[in-house]
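Structure first, then comments.
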Amino acid sequence: KMSSGAADLRQRKKQNCTESDKMAPEERNKENPKLGKSPKYMLIQRFAKLFFGCLAAVTSGMMYAVYLSTYHERKFWFSSRQELEREITFQGDSAIYYSFYKELLKAPSFERGVYELTHNNKTISLKTINAVQQMTLYPELIASVLYQASGSEEVIEPVYFYIGIVFGLQGIYVTALFVTSWVMSGTWLAGMLTVAWFIINRTDTTRIDYSIPSRENWALPYFACQVAALTGYLKKNLNCSAEKFCYLLVNASTYTFVMMWEYSHYLLFVQAVSLFLLDSFALAQTEKVHEVYRIYLFSLIVGYLLQFENSALLVSPLLSLVVALMLSKSLQMNMKKSTFVSRLLKIMYIYLVLTVAVTLNFLLKMFIPHKENEHLLKFIEVKLGLNTTKNFTMNWLLCQESLQSPSQDFFLRLTQSSLLPFYILVLIICFFSVTQVIFRRICGEPLKETVKLEDGRIGERPEIVYHVIHTILLGCLAMCLEGMKYLWTPYVCMLAAFGVCSPELWMTLFKWLRLKAVHPILLALILSMAVPTIIGFSLWKEFFPRIMTELTELQEFYDPDTVELMTWIKRQAPVAAVFAGSPQLMGVIKLCTGWMVSSLPLYNDDDLLKRNENIYQIYSKRSAEDIYKILTSYKANFLVIEDSICNEVGPVRGCRVKDLLDIANGHVVCEEGDNYAYSKYGRFCHEIKMNYSPYVNYFTRVYWNRSYFVYRINTVISFQS
1 KMSSGAADLR
11 QRKKQNCTES
21 DKMAPEERNK
31 ENPKLGKSPK
41 YMLIQRFAKL
51 FFGCLAAVTS
61 GMMYAVYLST
71 YHERKFWFSS
81 RQELEREITF
91 QGDSAIYYSF
101 YKELLKAPSF
111 ERGVYELTHN
121 NKTISLKTIN
131 AVQQMTLYPE
141 LIASVLYQAS
151 GSEEVIEPVY
161 FYIGIVFGLQ
171 GIYVTALFVT
181 SWVMSGTWLA
191 GMLTVAWFII
201 NRTDTTRIDY
211 SIPSRENWAL
221 PYFACQVAAL
231 TGYLKKNLNC
241 SAEKFCYLLV
251 NASTYTFVMM
261 WEYSHYLLFV
271 QAVSLFLLDS
281 FALAQTEKVH
291 EVYRIYLFSL
301 IVGYLLQFEN
311 SALLVSPLLS
321 LVVALMLSKS
331 LQMNMKKSTF
341 VSRLLKIMYI
351 YLVLTVAVTL
361 NFLLKMFIPH
371 KENEHLLKFI
381 EVKLGLNTTK
391 NFTMNWLLCQ
401 ESLQSPSQDF
411 FLRLTQSSLL
421 PFYILVLIIC
431 FFSVTQVIFR
441 RICGEPLKET
451 VKLEDGRIGE
461 RPEIVYHVIH
471 TILLGCLAMC
481 LEGMKYLWTP
491 YVCMLAAFGV
501 CSPELWMTLF
511 KWLRLKAVHP
521 ILLALILSMA
531 VPTIIGFSLW
541 KEFFPRIMTE
551 LTELQEFYDP
561 DTVELMTWIK
571 RQAPVAAVFA
581 GSPQLMGVIK
591 LCTGWMVSSL
601 PLYNDDDLLK
611 RNENIYQIYS
621 KRSAEDIYKI
631 LTSYKANFLV
641 IEDSICNEVG
651 PVRGCRVKDL
661 LDIANGHVVC
671 EEGDNYAYSK
681 YGRFCHEIKM
691 NYSPYVNYFT
701 RVYWNRSYFV
711 YRINTVISFQ
721 S
């Protein structure tokens with residue numbers, strides 16, 4: 001029966017940790033004749049396999065970190081640049097993160113630096129923020145502590161130390177993917193293929209090329225470690241030492257992941273749903289799954305306390321789901337052990353959990369004050385077509401490439417590297433095998449304690465079932481939002497590599513095909529070695545020359561106009577000056593000069609979103625007086641207009657900043673499918689360059705170059721013509 005099978009599964013954890021460790025040598029020899037014949041040889045063989053596998057995993061991670069460092073140097077000529085030119089390579093929100101790292105290093109003490117960040121009133125005008133909480137600056141806190149405690153001040157420059165840590169974490173990321181594929185397939189050949197596909201598809205697996213300090217570059221390596229440990233933890237017949245190690249690693253990596261990224265609980269929610277479905281069909285040890293739920297709960301509570309009582313964690317769907325699962329489990333355990341009731345409860349289990357989770361989340365949001373991520377729900381409504389809006393911020397987000405559906409080029413790149421075809425093949429085989437296992441469980445057939453190669457039942461392995469569900473859920477998200485591909489594609493590499501290197505997967509396929517001409521076990525073993533070898537050689541031949549060309553080809557990144565602007569600000573602008581302009585440029589100004597700004601490229605705060613929309617009005621068709629009132633309300637002293645935004649020629653009409661502003665301000669009239677712009681004022685960024693009244697009454701041009709025009713906002717208004 002399904003209920004009795006679930007009860008049996010709950011006892012396996014204790015059995016594994018007692019009977020397997022206390023098993024007599026004679027019994028072990030009976031179970032494994034090879035071990036009885038030559039125990040020393042088998043021990044040496046296992047040690048050699050483990051040693052060379054670990055060596056290959058660590059080497060792959062180190063080589064990838066060196067590769068990133070070399071590529072970064074070739075792209076930006078980093079070592080030959082001045083400090084200002086290096087800092088300009090950090091764009092948008094990346095500039096803000098690095099600027100706070102600089103401030104921590106300049107502080108007289110670490111404690112003083114942390115205090116200034118938590119009570120920061122020198123970044124955004126008229127606003128005091130807790131930058132550590134609002135921007136999740138724990139990576140910068142750790143980096144600054146390590147830099148000062150290690151005595152690196154006289155050895156390496158701060159910027160090299162900072163990006164070195166990020167590149168090192170990317171090496172750990174790759175190593176974790178290597179280990180996950182190795183644990184699932186049993187051969188480190190799968191790990192090598194995972195790394196190869198990851199690097200070849202680097203455009204779609206990581207954002208490290210575009211935004212080094214971004215939160216996901218700090219956080220996702222820890223999530224990869226958590227997934228690797230969870231994969232081992234879910235395995236059957238795991239000895240006690242390995243199980244405890246995996247449990248501790250899951251615990252540590254989950255907590256660290258929560259602390260590193262403000263959106264981590266959403267990704268953990270997807271993982272929790274995968275484990276929930278895994279447990280619902282009694283395909284894993286229930287006690288192990290609920291131990292992971294407890295880890296989630298502990299991480300959220302500790303994260304809430306250490307993140308200055310972050311209410312977003314309390315109203316997160318992850319917390320509601322975990323509490324609902326624990327309540328449902330206690331109700332299930334208190335039920336009478338009737339066969340009919342147990343089956344009925346299994347049928348209603350998913351509905352029960354979802355109902356409790358949704359209700360609890362609604363109640364938490366009702367009683368706990370929170371403002372975080374409200375715009376995310378509004379965005380989802382508009383994205384799904386449930387609502388329409390003229391709001392500038394919402395439409396601007398919808399126009400971002402990362403929030404669009406993935407392009408055909410994305411699938412073409414994955415196909416050219418042979419990743420997508422093999423992923424689909426592996427996913428189909430695993431999915432149908434899992435479906436067969438679920439059907440057997442519903443019919444009351446118990447799972448086998450150990451799945452042998454000749455059984456051809458890869459869907460009975462709980463870690464495989466988990467990864468199948470997880471990759472399908474992440475894939476659905478990636479099909480909706482292109483930015484989610486950075487979460488999905490690395491695990492596509494891992495799952496595809498595991499599949500082609502796994503004899504069990506090939507054996508499952510041959511069981512369905514009922515091969516008789518060739519011995520299926522022998523053919524499965526041959527294909528599990530031959531197919532990845534052929535793939536590896538083809539990838540080497542086609543892509544290795546391209547990678548080497550990237551490393552040997554000197555690229556040039558030089559932005560003289562921005563360098564000139566930053567130099568002028570540092571030399572000519574008053575120390576107490578406040579600058580206004582696009583949020584992306586304000587982030588660079590804050591980093592390179594240290595001057596106060598009126599807005600920042602942050603999208604998790606309603607007040608900052610409103611500020612950004614108001615200051616973007618400098619590119620709208622509003623009067624000089626309106627713009628002057630907006631800027632002076634934020635105590636701005638200087639205005640910076642970017643020619644690239646003012647004269648933007650975007651690939652998609654309607655997604656340019658000035659188009660979105662015209663829609664939001666009602667300056668666009670739609671008649672018979674055509675859009676007509678109407679306003680009694682010209683576009684401000686154009687009109688102010690003409691130097692005529694009333695613009696010269698409010699603003700005085702003090703600096704310009706090919707890309708930027710800087711105007712002083714007059715404190716005394718002159719109305720002379």
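Taken in order, the sequence shown gives residues 1 to 721; the numbers are from UniProt numbering.
Every residue gets a Cβ at the ideal spot worked out from N, C-alpha and C, and that includes glycine.
Close Cβ partners of residue i (< 8 Å) along its chain, the five nearest in sequence each way excluded
i	result
residue 207	214, 216, 217 and 486
residue 328	349, 352, 353 and 356
residue 793	As displayed, the chain neither begins before 1 nor continues past 721, which places residue 793 out of reach and without an answer.
residue 450	236 and 237
residue 550	71 and 74
Cβ shell of residue i (< 6 Å), same chain only, five flanking positions each side left out
i	result
residue 465	278, 283 and 434
residue 223	257
residue 422	496 and 500
residue 211	94
residue 316	265
residue 702	710 and 712
residue 189	501 and 532
Limits of the unbroken alpha helix (DSSP H) element including residue i
i	result
residue 401	Element bounds for residue 401: n/a, residue is neither H nor E.
residue 294	286–306
residue 183	158–185
residue 622	Note, residue 622: premise wrong, no alpha helix (DSSP H); not H, not E.
residue 655	Looking at the DSSP string, residue 655 is not in any alpha helix (DSSP H), and its letter there is neither H nor E.
residue 546	520–552
residue 588	583–593
residue 559	Run containing residue 559: none; DSSP gives neither H nor E here.
residue 91	Note, residue 91: premise wrong, no alpha helix (DSSP H); not H, not E.
residue 67	39–76
residue 228	215–234
residue 686	684–687
residue 614	606–615
residue 245	240–260
N- and C-terminal bounds of the beta strand (DSSP E) containing residue i
i	result
residue 704	699–704
residue 639	638–642
residue 580	578–580
residue 711	708–713
Neighbour-count burial assignment, residue i, 16 or more Cβ in a 10 Å radius
i	result
residue 89	buried
residue 369	exposed
residue 519	exposed
residue 119	exposed
residue 409	exposed
residue 237	exposed
residue 57	buried
residue 260	buried
residue 271	buried
residue 567	exposed
residue 202	buried
residue 310	buried
residue 430	buried
residue 379	buried
residue 688	buried
Whole-Å CB distance - residue i paired with residue j, under 8 Å assumed
i	j	result
residue 731	residue 593	Here the chain covers residues 1 to 721 and nothing more, so residue 731 does not appear.
residue 84	residue 668	With 8 Å as the limit, residue 84 and residue 668 do not qualify as a contact, their Cβ atoms being about 40 Å apart.
residue 492	residue 459	With 8 Å as the limit, residue 492 and residue 459 do not qualify as a contact, their Cβ atoms being about 19 Å apart.
residue 611	residue 599	5 Å
residue 528	residue 545	Their Cβ separation, rounded to whole angstroms, is 28 Å, which puts residue 528 and residue 545 out of contact at 8 Å.
residue 722	residue 167	As displayed, the chain neither begins before 1 nor continues past 721, which places residue 722 out of reach and without an answer.
Cβ shell of residue i (< 7 Å), same chain only, five flanking positions each side left out
i	result
residue 324	353, 356, 357 and 360
residue 618	627, 639, 641, 684 and 685
residue 198	174, 177, 205, 490 and 493
residue 585	640 and 642
residue 233	243, 246, 247, 250 and 288
residue 704	710
Within-7 Å CB hit, residue i to chain B
i	result
residue 248	No chain B appears in the structure shown, which is made up of a single protein chain.
Proximity test, residue i beta-carbon vs the ligand FMN heavy atom, cut-off 6 Å
i	result
residue 480	This structure does not include the ligand FMN; it has no bound ligands of any sort.
At 4 residues or longer, what runs of the alpha helix (DSSP H) sit wholly inside the segment 426–489?
462–480
Please go through the segment 94–126 and give each complete alpha helix (DSSP H) segment of 4 or more residues, from N-terminal end onward.
110–118
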